[in-house]
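Enquirer:
Numbering (my numbering), first residue to last: 1 to 129.
(1) Answer yes or no: do residue 118 and residue 80 have a C-beta to C-beta separation smaller than 8 Å?
(2) Please name the residue in 107, 66, 101 and 97 whose C-alpha comes closest to that of residue 82.
(3) So within the region 8 to 81, which uninterrupted alpha helix (DSSP H) runs reach at least 4 residues, ignoring any that extend past its ends?
(4) Nearest to residue 76 by CA position, among 14, 33, 53 and 18, is which residue?
(5) Counting pairs of Cβ atoms below 8 Å between the region 119 to 129 and the region 84 to 94, do you hit three or more?
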């Protein structure tokens with residue numbers, strides 16, 4: 001059975017959300033005594049943006065089921081998904097692996113997240129009723 005774009009997006013949101021919860025639990029229980037306070041704060045920021053992105057992606061997926069031909073919603077989903085992976089993924093790498101070379105990826109992910117949100121706004125403004 002082929003899945004629709006909406007179903008793919010909602011599935012991705014579900015996986016991202018589950019990973020955000022697991023990451024938060026890991027940070028709260030496993031990293032509190034290992035990371036410096038600054039690194040723990042960075043990790044928590046990553047978890048917050050990770051979960052917000054998952055919820056936003058869920059909303060986009062639901063809208064894709066209603067606005068089937070919206071190119072802007074497809075762009076929003078791509079921006080939110082890739083933005084989350086790059087932004088939160090780079091912060092996880094910075095704190096857990098001390099991969100300082102990943103620092104340049106964080107703002108790219110942030111820009112993609114902003115772009116995803118803006119594409120969602122354009123989708124809403126250009127949607128035919």
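All C-beta atoms in this analysis are idealised placements derived from N, C-alpha and C, irrespective of residue type, glycine included.
Expert: Checking against the coordinates, here is how it stands:
(1) No, the Cβ-Cβ distance between residue 118 and residue 80 is not below 8 Å.
(2) Looking only at 107, 66, 101 and 97, the smallest Cα-Cα distance to residue 82 is reached by 107.
(3) Segments of the alpha helix (DSSP H) lying fully in the region 8 to 81: 37 to 66.
(4) Nearest option by C-alpha distance: 53.
(5) Under the 8 Å Cβ criterion, the region 119 to 129 does not count as touching the region 84 to 94, having fewer than three qualifying pairs.
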